[in-house]
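See below for the structure under consideration.
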Ligand SMILES: Nc1ncnc2c1ncn2[C@@H]1O[C@H](COP(=O)(O)OP(=O)(O)OP(=O)(O)O)[C@@H](O)[C@H]1O
Ligand SMILES: [Mg+2]
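In the numbering used here, the protein residues as written are 62 to 343.
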């Protein structure tokens, strides 16, 4: 029995270019063959992005290690979201190189190809299908090669069911599996959306301000969740909440005016005079 009526939604990932699921990075496969010989999952070098002459990213260099949990911090307008846009193919850099693993040139792949290669992205605002149940949302995220209708009709394999069950447990929504997603709290919707990325088994997860609007308990659970995902996955988390950043980050990168201002353990960057001046305040 389904808890909610299934709405008539026609969705074709090939033609709905701006569709939210595509933008979420819900690809078909997890890019298992990724070449990470040198231990680096993401390499960005000399990246420049300008908008009408304004340099949003300015000779940016960034390296993320396999299994690392990196936090990106910095003032409003520093270029944090633009950085994620470059990695996911939403924005093309004017110059510079961007590699996923050793050999996948992100500047030559489409957004869909990048998602399929194993990079999942979560935007700030949750974009779940509210009328569908929690389980159905995860089911759809798993079967992105079909329309919504075809996806819900197609039978799940045993392995796919197991994967959804495992993700439900990871995001602590087992007991809400049949609830319409629209009835979840804001925080639970965020967890569901993270789950929709996880069923795709991405190797690199990009999360933009994941704890904005969450309760303290939800923020704490998110910290635990991210720590448990690191190592198996690589994570890049943009967040302004320093308490949260301090509780999860391996290393922190401070962006300022489109460039890396400082990088290292949080205590170290917090003591950096320039960082205090431009971001943390005195
Ligand atoms: N599509 C666009 N067109 C024009 N300007 C843009 C575009 N996207 C971003 N910008 C500008 O580039 C700069 C960097 O924006 P970005 O959104 O990357 O900052 P951010 O670090 O994510 O900031 P916040 O902490 O407020 O989210 C800003 O000045 C922004 O106005
Ligand atoms: Mg932003």
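All C-beta atoms, glycine included, are put in the ideal place defined by N, C-alpha and C. Predicted, not measured: the structure shown is a model, and the values here were computed from it.
| Query | Result |
| --- | --- |
| Sort out for me which residues DSSP pairs residue 340 with in a bridge. | DSSP lists no partner for residue 340. |
| Which stretch, first to last residue, makes up the beta strand (DSSP E) that contains residue 323? | 320–325 |
| Quick check on this structure: which residue in 234, 155, 265 has the alpha carbon closest to the alpha carbon of residue 256? | 234 |
| Which residues does DSSP pair with residue 347 in a beta bridge? | Nothing about residue 347 can be reported from this structure: the residues present for the chain run from 62 to 343 only. |
| Measuring CB atoms only, is the region 155–169 touching the region 245–261, in the sense that at least three cross pairs come out at less than 8 Å? | no |
| Is residue 114 helix, strand or coil by DSSP? | coil |
| Mapping the DSSP letters down to three states, classify residue 312 as helix, strand or coil. | strand |
| Could you give the residue range of the beta strand (DSSP E) that holds residue 181? | 180–183 |
| Just the C-alpha distance for residue 259 and residue 230, rounded to the nearest angstrom, thanks. | 12 Å |
| I want to check one thing, is the minimum distance from the CB of residue 409 to the heavy atoms of ligand 1 below 7 Å? | The question about residue 409 has no answer here: the residues shown for the chain are numbered 62 through 343. |
| Helix, strand or coil for residue 226, going by three-state DSSP, please let me know. | helix |
| Select from 201, 294, 211 the residue whose C-alpha is nearest the C-alpha of residue 221. | 201 |
| Look at the Cβ atom of residue 261, then the Cβ atom of residue 181, and state whether they are nearer than 8 Å. | yes |
| Considering only their Cβ atoms, is the gap separating residue 159 from residue 148 smaller than 8 Å? | yes |
| Under a three-way DSSP split, which group does residue 299 fall into? | strand |
| Decide if residue 102 is buried, meaning its Cβ has at least 16 other Cβ atoms within 10 Å, or exposed. | buried |
| Leaving aside the five residues before and after residue 275 along the sequence, list all residues of the same chain whose C-beta is less than 8 Å from its C-beta, in chain order. | 247, 248, 251, 283 |
| Can we count residue 155 as close to ligand 2, meaning its CB is less than 7 Å from some heavy atom? | no |
| Apply the 10 Å Cβ neighbour rule to residue 194 and answer buried if 16 or more other Cβ atoms are within range, or exposed otherwise. | buried |
| Do residue 134 and residue 300 count as a contact pair if the criterion is CB distance below 8 Å? | yes |
| Our contact map puts residue 155 next to residue 111 with C-beta atoms below 8 Å; I'd like the distance itself, whole angstroms only. | 6 Å |
| Are the beta-carbon atoms belonging to residue 242 and residue 191 less than 8 Å from one another? | yes |
| Around the C-beta of residue 337, are 16 or more other C-beta atoms found within 10 angstroms, so that it is buried, or is it exposed? | exposed |
| Check the C-beta distance from residue 327 over to residue 313 and give it rounded, since I have them as a contact under 8 Å. | 5 Å |
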